[in-house]
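Shown next, in the form of structure tokens:
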């Protein structure tokens, strides 16, 4: 293989990987948005329908703009870093060094920020999802009443998550045979 073929294969693999990451991020954002809307609806459950609609619509709009605005900023973070590094090359002196360092910091920080957000997002989904089960299914609520609320929510979220993964894995194995 020549260098050009290897580069094009690497670019194709990177694009596929980015496409998978974007698909996963959108799915996660969608789930979190639904959870936020359910929490908002729960908070105004005893209000008139018009109030419920206004509050949930406002929260949904705010969550969508906030979440996707943050995602858009993160997607462009390394691009901003590359731009600063490239722009710094046209400068001289202290400003060139500062812009280069800031650009390199943006580029280097993106993977760390994404890993942190993956952890926080997963934890949030487990807590909110588990909380939905704890607060809405009396048997689970009564069974976990001895735990602090946050720990009970996390525990319920983990159990439901593992059950769901087991079912998905079983269905996948059944389809393969």
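In the numbering used here, the protein residues as written are 45 to 221. Note that the Cβ used here is the ideal one computed from N, Cα and C, for glycine as well. Given the structure is predicted, the values throughout are model-derived calculations rather than measurements.
The alpha helix (DSSP H) with residue i in it runs from where to where?
i: residue 96; result: 93 to 132
i: residue 89; result: Premise fails: residue 89 is in no alpha helix (DSSP H) and is neither H nor E.
i: residue 194; result: 193 to 220
i: residue 160; result: 138 to 180
Does the distance from the CB of residue i to the CB of residue j come in under 8 Å?
i: residue 171; j: residue 198; result: yes
i: residue 122; j: residue 158; result: no
i: residue 106; j: residue 165; result: no
i: residue 79; j: residue 173; result: yes
i: residue 147; j: residue 113; result: no
If I measure Cβ to Cβ from residue i and keep anything under 8 Å in the same chain, skipping five residues before and after, which residues do I get?
i: residue 214; result: none
i: residue 135; result: 143
i: residue 100; result: 81, 84, 85 and 88
i: residue 153; result: 121
Distance, Cα to Cα, residue i vs residue j?
i: residue 115; j: residue 73; result: 9 Å
i: residue 128; j: residue 118; result: 16 Å
i: residue 90; j: residue 202; result: 30 Å
i: residue 48; j: residue 139; result: For residue 48, the predicted model reports a pLDDT of 48, less than 50, meaning its position is unreliable; a value from the coordinates is still stated below. The straight-line gap from Cα to Cα measures roughly 36 Å.
i: residue 200; j: residue 193; result: 10 Å
i: residue 195; j: residue 64; result: 32 Å
i: residue 212; j: residue 110; result: 31 Å
i: residue 160; j: residue 149; result: 16 Å
i: residue 133; j: residue 141; result: 9 Å
i: residue 182; j: residue 190; result: 14 Å
i: residue 163; j: residue 169; result: 10 Å
i: residue 208; j: residue 67; result: 20 Å
i: residue 108; j: residue 216; result: 33 Å
Below 6 Å CB to CB, which residues in the same chain sit around residue i once its five sequence neighbours on both sides are set aside?
i: residue 103; result: 84
Using a Cβ-Cβ cutoff of less than 7 Å, which residues in the same chain neighbour residue i once the five nearest sequence positions on both sides are dropped?
i: residue 185; result: 178 and 179
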